[in-house]
Amino acid sequence: MNALHTLNTYILTQQPAPFPSPGQGGDVIDVQMTTPPSGDKFQVLLGVGLWAATAFLIGLGMMAGVKFAQSFADGTAGRGEKMMVVGVAVGAIITSSAASYVTWFME
């Protein structure tokens with residue numbers, strides 16, 4: 000046996016066995032969601048904010064596409080135009096994941 004195995008065995012024997020909380024068997028966890036008192040206002044505010052972010056990303060995506068298409072047609076497509084399109088795509092992914100998290104947390 001090496002020293003790391005001996006140390007690991009010692010640490011595991013010193014820790015108490017994990018027991019489920021009263022009323023929970025371990026295979027099914029009963030979660031009771033409670034919303035804050037003004038949860039509806041927060042949900043509306045977050046929804047409006049996400050719609051504004053989505054509208055902004057749509058406009059920015061159209062502008063980035065037009066700029067890239069113009070510079071590509073001129074033969075001067077640089078790194079900035081390419082990265083702008085990628086940045087819009089990353090922003091859209093972040094916004095869509097934020098929308099699902101807001102829906103999950105505020106239900």
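For the sequence shown, position 1 (counting from the first letter as 1) is numbered 0 according to numbering that gives the first Met the number 0, and the numbering increases by one without interruption. For glycine and all other residues, C-beta sits at the position ideal for the given N, C-alpha and C.
Whether residue i touches residue j by CB criterion (9 Å)
i, j, result
"Ala-97", "Leu-49", "yes"
"Gly-58", "Val-84", "no"
"Thr-94", "Ala-68", "no"
Residue closest to residue i, alpha-carbon to alpha-carbon, out of the options
i, options, result
"Val-87", "Val-47, Met-62 and Phe-71", "Met-62"
"Gly-60", "Trp-103, Ala-91, Tyr-100 and Asn-1", "Ala-91"
"Val-101", "Phe-41, Thr-53, Ser-70 and Ala-76", "Phe-41"
"Val-89", "Leu-56, Thr-5 and Gln-31", "Leu-56"
"Trp-103", "Gly-79, Ile-10 and Gly-46", "Gly-46"
Any C-beta of chain B under 9 Å from that of residue i
i, result
"Gln-69", "Note that chain B does not occur in the displayed structure, where there is just one protein chain."
Practice item. Could I get the ranges of all uninterrupted alpha helix (DSSP H) runs contained in the segment 23-101, with 4 residues as the minimum, in chain order? Key: 38-73
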